[in-house]
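In the UniProt record's numbering, the protein residues as written are 1 to 139. Only one structure is covered here, and it is reproduced in the block below.
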Amino acid sequence: MDIDCLLRRKEEAKALLESRGAPQEAKEALQALPGLVARLRQVSRELNMLMRKRKEAARTQQQQQQQQQEQQQQQEQQQQQEQQQQQQQLVSSAAARKAEAANLHSLSRRAAAERQQLQQQLQQLLLLLPNGLDPRVRL
């Protein structure tokens, strides 16, 4: 028999118990039945509320973990980008230093060639001078 039906037919059940000479405990149990059903329903509601809170807490925790993972991934990506930028800067500065060194080397070779050319011109001019100067003198 359904609980609601039993509660609706409580008076009938009480009369039936009395007519059959049921013990006092059965009558008391029948009298306590509405209170027990009410308490059972209250406990069921509380249990349902606790389960909802538990699910919500689990959902919240999962969202927080997901946010933390996303933040960690973003930080890792940012660190990787910073490292890549630093490496690019190092490569760029190394390339710039290499280019500068090549440029300086080229300039020094030109300067040496120009110096040699000027020395040759100077020696030729010294040959044109009167006999007082020795053309073998190098400057």
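The beta carbon of each residue, even a glycine, is placed where N, CA and C say it ideally should be.
Please list, in chain order, all residues of the same chain as residue i whose beta carbon is under 8 Å from its beta carbon, the five residues on each side excluded.
{"i": "Leu17", "result": "Ala26, Lys27 and Leu30"}
{"i": "Ala13", "result": "Leu6 and Leu30"}
Which two residues bound the contiguous alpha helix (DSSP H) that contains residue i?
{"i": "Arg8", "result": "Ile3 to Arg8"}
Since residue i contacts residue j with CB under 8 Å, what's their CB separation in whole angstroms?
{"i": "Leu6", "j": "Leu33", "result": "7 Å"}
What I want to know is whether the C-beta of residue i ends up closer than 8 Å to one or more non-hydrogen atoms of the ligand SAM.
{"i": "Ile3", "result": "Only the bare structure without any ligand can be found here, which leaves the ligand SAM out of the picture."}
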